[in-house]
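All letters in the sequence shown, in the order written, are residues 1 to 673 by UniProt numbering.
Accompanying notes for the structure given below.
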Amino acid sequence: MADGKEDPAVFTSTSLPSDPRLLATVTNAYLGTRVYRDILHVNGVYNGAVGDTHRADIPSPVNVRMMVPGVDSLAETFTLNTRMGTFSHVLQSTDYTATHQIYAHHSLVHLMAFSITIRRSARTSQPITVQLQTPFVPKSQDLDLNQGPDFQGAHYIYGKTLVPEVEGGPSPTVHMLWTPMPQALTLHGEEWERSWEFLTAVAESEEEAKRSYSEGLALIAAGSLHASHTHAWATLWRGCCIDLDGPLPLRQAVYGCLYYLLSAIPPRGNLGFLFHGISPGGLSNGTQGEDYWGHVFWDQDTWMFPNILLFYPEAARAILEYRIRTLEGALRNAQEQGYEGAKFPWESAATGREVCPEEIYGAQEIHVTGDVLMAFEQYYCTTQDQKLFREDGGWKLVGSVAQYWCSRMVWSEEEQCYHIKGVMPPDEYHYRVDNSVYTNAVAQRSLNFAADIARDFLIPVPEEWVDCAKKVKVPFDAEKKYHPEYDGYSPGEPVKQADVVLLGFPLMHPMSSEVRRNDLEMYEPVTELDGPAMTWSMFAVGWLELKEVQRAQSQLNKCFSNITEPFKIWVENSDGSGAVNFLTGMGGFLQAVLFGYTGFRITKTSLRFNPAFPDDINKLKVTGVSYFGNKIQFTITKKEIRIKVTESPQDPPASPLEAVLEESGQRFPLREG
Numbered sequence: 001m002a003d004g005k006e007d008p009a010v011f012t013s014t015s016l017p018s019d020p021r022l023l024a025t026v027t028n029a030y031l032g033t034r035v036y037r038d039i040l041h042v043n044g045v046y047n048g049a050v051g052d053t054h055r056a057d058i059p060s061p062v063n064v065r066m067m068v069p070g071v072d073s074l075a076e077t078f079t080l081n082t083r084m085g086t087f088s089h090v091l092q093s094t095d096y097t098a099t100h101q102i103y104a105h106h107s108l109v110h111l112m113a114f115s116i117t118i119r120r121s122a123r124t125s126q127p128i129t130v131q132l133q134t135p136f137v138p139k140s141q142d143l144d145l146n147q148g149p150d151f152q153g154a155h156y157i158y159g160k161t162l163v164p165e166v167e168g169g170p171s172p173t174v175h176m177l178w179t180p181m182p183q184a185l186t187l188h189g190e191e192w193e194r195s196w197e198f199l200t201a202v203a204e205s206e207e208e209a210k211r212s213y214s215e216g217l218a219l220i221a222a223g224s225l226h227a228s229h230t231h232a233w234a235t236l237w238r239g240c241c242i243d244l245d246g247p248l249p250l251r252q253a254v255y256g257c258l259y260y261l262l263s264a265i266p267p268r269g270n271l272g273f274l275f276h277g278i279s280p281g282g283l284s285n286g287t288q289g290e291d292y293w294g295h296v297f298w299d300q301d302t303w304m305f306p307n308i309l310l311f312y313p314e315a316a317r318a319i320l321e322y323r324i325r326t327l328e329g330a331l332r333n334a335q336e337q338g339y340e341g342a343k344f345p346w347e348s349a350a351t352g353r354e355v356c357p358e359e360i361y362g363a364q365e366i367h368v369t370g371d372v373l374m375a376f377e378q379y380y381c382t383t384q385d386q387k388l389f390r391e392d393g394g395w396k397l398v399g400s401v402a403q404y405w406c407s408r409m410v411w412s413e414e415e416q417c418y419h420i421k422g423v424m425p426p427d428e429y430h431y432r433v434d435n436s437v438y439t440n441a442v443a444q445r446s447l448n449f450a451a452d453i454a455r456d457f458l459i460p461v462p463e464e465w466v467d468c469a470k471k472v473k474v475p476f477d478a479e480k481k482y483h484p485e486y487d488g489y490s491p492g493e494p495v496k497q498a499d500v501v502l503l504g505f506p507l508m509h510p511m512s513s514e515v516r517r518n519d520l521e522m523y524e525p526v527t528e529l530d531g532p533a534m535t536w537s538m539f540a541v542g543w544l545e546l547k548e549v550q551r552a553q554s555q556l557n558k559c560f561s562n563i564t565e566p567f568k569i570w571v572e573n574s575d576g577s578g579a580v581n582f583l584t585g586m587g588g589f590l591q592a593v594l595f596g597y598t599g600f601r602i603t604k605t606s607l608r609f610n611p612a613f614p615d616d617i618n619k620l621k622v623t624g625v626s627y628f629g630n631k632i633q634f635t636i637t638k639k640e641i642r643i644k645v646t647e648s649p650q651d652p653p654a655s656p657l658e659a660v661l662e663e664s665g666q667r668f669p670l671r672e673g
């Protein structure tokens, strides 16, 4: 390893952060909590009406702290091992080691567990006792909880959420079983080592909760509960890894970002539950008053999705299925605002209706509808999965979004083009502007994709889609050769976050490198320095595109002020405000590595790559890139690129691949191995 022997995937500290928001999180796709927090959350379980809807707080039986009172000479460490998806607390004396491990089981998503292990290190025969402290009370402000009969030694509570999101909307019931916990555990004189395991099972049916709890007990009896969890994580890491030969902080940041993002995605195979998307702070956050109440934004589709898609298309599909299931809500949103088609909400929860507490964003920040469709387009281009569109509701969503954009445009006689008026761009300092360049470009892209899909499926393309795509205004200043953010933008006006720079990536809007450079130079100095964490990654991608490696690095380095110690939790703003465990910022950072350093670009016909990376990185190995059913490994050094097809499924057969050198047109067929 480049910097000594330190493992970049293991974060250890002798103390915990003073701000509890910055504690490590243990989550899977269904359950999540922060360590030492008194509540946990369940995927898709919200309480409260409309703008008040938030993740329902469920009391957490895994909030347990191990103590040995009255002993001064204990060495104490806290570790997040991202390779094993496990948080541990270790107390060590000359005579013994006590280890407390906490995890949300990656593949058995209804289970959270913790274990306490006491092991002698000296030949004493004294009994060794550790105390367990927990503030656990089986009550919740969001659920009407009732006590049921014990089951296989576990306590049982269940209850419905109190207030549905919209009238007649879902009020799910949560069922929870947990192993009762003693106040102390003792290793007796004749014992050398002993472990105690404690299970929590949560589900939306009594049957599922009991089935999961029983399955957990069987694994405990076989001595393999934690092993089955770490095996699932090992498989996950084998299928997707970014190995850098470079500075330790950069490698740690990459592992941290991947761990928190992978914690949020559904495991492979049959889910057995409906996945409800990823909010900016994930399942560990989202109680009332934090992390935007656990709502889902464009953060999922634009900032997190491309990384997930590149490695785990199955998980990416589950994100798109969430959008398909909330299409009815999106159709209602458009209708209520007087438009046709589907308008996705700025903030989405269980139904797809607008749940943003402030009306202005839901009414004006409409680019989110195009952002959702761009995720569908990227998915289609990398998987060619026609079933999602033909049979599973994708085509209806695509057509509804195209219809919305057509109805949202007005014809300008004066300029002889279509305008989109009265919007808030990604830069939220400005509102009620006309022709936000990002909004209009993403609308154009939506319409072009809808037409492409229709042609692929031999469906007649509505004339209106083609006309609106061709004639929508995308503001451009021909004299200064740059894109004004909206009609009437004056150069030098402050900007909250990445906006126009997103035209180059991820939109890949056609422009010359001169214009790309001008956009970067125009907006970099006026963008809020303490703004949201994902901004600088996109400037970095832009400079890497232009092979301005040092400029890119200075942008990417700004991200490090959003990464907190010791568990690499991101904060939304560098002053510590906003969402924590900010997966959006992590997603942007990973894109800077995955799409910036490698130059990967997903296009209609190919996965392009054009690497550029700074002097202090010697080698970059990206394992598990998924393309047309194949799995590919890229190893990039300053001198060469090696491409290896590591998996090429036979049933159904994956599409054959070839590498093409753009300048010479030389072709190299790629076969498995």
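Even glycine gets a Cβ: it sits at the ideal position worked out from N, Cα and C.
Kindly indicate which residue of the options has the alpha-carbon position closest to the one of residue i.
i, options, result
"Glu524", "Met508, Val549, Pro491", "Pro491"
"Gly488", "Ile459, Lys631, Asn435, Pro532", "Asn435"
"Gln650", "Lys638, Thr635, Lys631", "Lys631"
"Tyr486", "Tyr292, Asn28, Asn440", "Asn440"
"Gly596", "Lys604, Ile602, Ala612, Leu607", "Ala612"
"Gly289", "Val526, Gly578, Leu661", "Gly578"
"Pro180", "Glu167, Thr186, Ala451, Trp196", "Trp196"
"Lys480", "Val442, Glu167, Arg608, Glu521", "Glu521"
"Phe297", "Lys160, Ala315, Tyr322", "Tyr322"
Locate the alpha helix (DSSP H) running through residue i, then write down its first and last residues.
i, result
"Tyr438", "437–456"
"Glu647", "First-last for Glu647: 641–647, but that is the beta strand (DSSP E), not the alpha helix (DSSP H)."
"Ala221", "206–221"
"Asp291", "Note, Asp291: premise wrong, no alpha helix (DSSP H); not H, not E."
"Glu537", "Just to set this straight, residue 537 is Ser in the shown sequence, not Glu. From DSSP, the alpha helix (DSSP H) with Ser537 extends over 535–545."
Cα separation between residue i and residue j?
i, j, result
"Gly665", "Glu658", "11 angstroms"
"Arg34", "His41", "10 angstroms"
"Pro656", "Glu672", "9 angstroms"
"Asp3", "Pro247", "Confidence in Asp3 is poor, its pLDDT being 45 and thus under 50, which makes the residue's placement too unreliable to answer from."
"Tyr429", "Val437", "15 angstroms"
"Arg516", "Gly542", "8 angstroms"
"Pro164", "Asp95", "54 angstroms"
"Val645", "Thr351", "41 angstroms"
"Gly256", "Ser18", "20 angstroms"
"Trp192", "Ser214", "29 angstroms"
"Lys471", "Asp477", "17 angstroms"
"Val398", "Val466", "14 angstroms"
"Glu640", "His105", "40 angstroms"
"Leu217", "Leu199", "8 angstroms"
"Cys381", "Asp575", "39 angstroms"
"Val625", "Arg408", "37 angstroms"
"Val130", "Val26", "23 angstroms"
"Thr53", "Thr637", "49 angstroms"
"Cys241", "Thr623", "5 angstroms"
"His226", "Ser263", "16 angstroms"
Do residue i and the ligand ATP come close, with the Cβ less than 8 angstroms from some heavy atom?
i, result
"Ala659", "Absence of the ligand ATP from the depicted structure is noted, as is the absence of any ligand whatsoever, leaving it without description."
The beta strand (DSSP E) that contains residue i, what's its start and end?
i, result
"Phe11", "10–13"
"Glu193", "193–203"
"Cys417", "417–419"
"Pro669", "667–670"
"Met66", "65–67"
"Ala113", "111–120"
"Trp178", "173–178"
Report the CB separation of residue i from residue j in whole angstroms; it is logged as a contact under 8 angstroms.
i, j, result
"Tyr156", "Val174", "Rounded, the Cβ-Cβ distance is 12 angstroms, inconsistent with contact."
"Val423", "Ile366", "6 angstroms"
"Ala154", "Leu177", "4 angstroms"
"Gly282", "Asn581", "6 angstroms"
"Arg317", "Leu388", "6 angstroms"
"Ala75", "Pro267", "So it is not a contact: roughly 36 angstroms between Cβ atoms."
"Lys621", "Gln633", "7 angstroms"
**Q.** Three or more C-beta pairs below 8 angstroms linking the segment 549–564 and the segment 583–595
**A.** Contact between the segment 549–564 and the segment 583–595 is present, because at least three Cβ pairs lie under 8 angstroms.
Q) Touch check for the segment 269–276 and the segment 229–249: three-plus C-beta pairs under 8 angstroms? A) No, the segment 269–276 does not touch the segment 229–249.
Q) Three or more beta-carbon pairs under 8 angstroms between the segment 494–512 and the segment 529–537, yes or no? A) With the cut-off at 8 angstroms, the segment 494–512 and the segment 529–537 touch.
Q) Would you call the segment 253–267 and the segment 79–90 touching, i.e. three or more CB-CB distances under 8 angstroms? A) Taking a cut-off of 8 angstroms for Cβ pairs, the segment 253–267 and the segment 79–90 touch, as three or more such pairs fall below it.
**Q.** Three CB pairs or more closer than 8 angstroms across the segment 38–58 and the segment 134–149
**A.** Touching, per the Cβ criterion.
Q) Is it a yes or a no for the segment 333–340 touching the segment 300–309, going by three-plus beta-carbon pairs under 8 angstroms? A) No: fewer than three Cβ pairs fall under 8 angstroms.
Q) For the segment 440–451 against the segment 369–377, are there 3 or more C-beta pairs whose distance is under 8 angstroms? A) Yes, the segment 440–451 is in contact with the segment 369–377.
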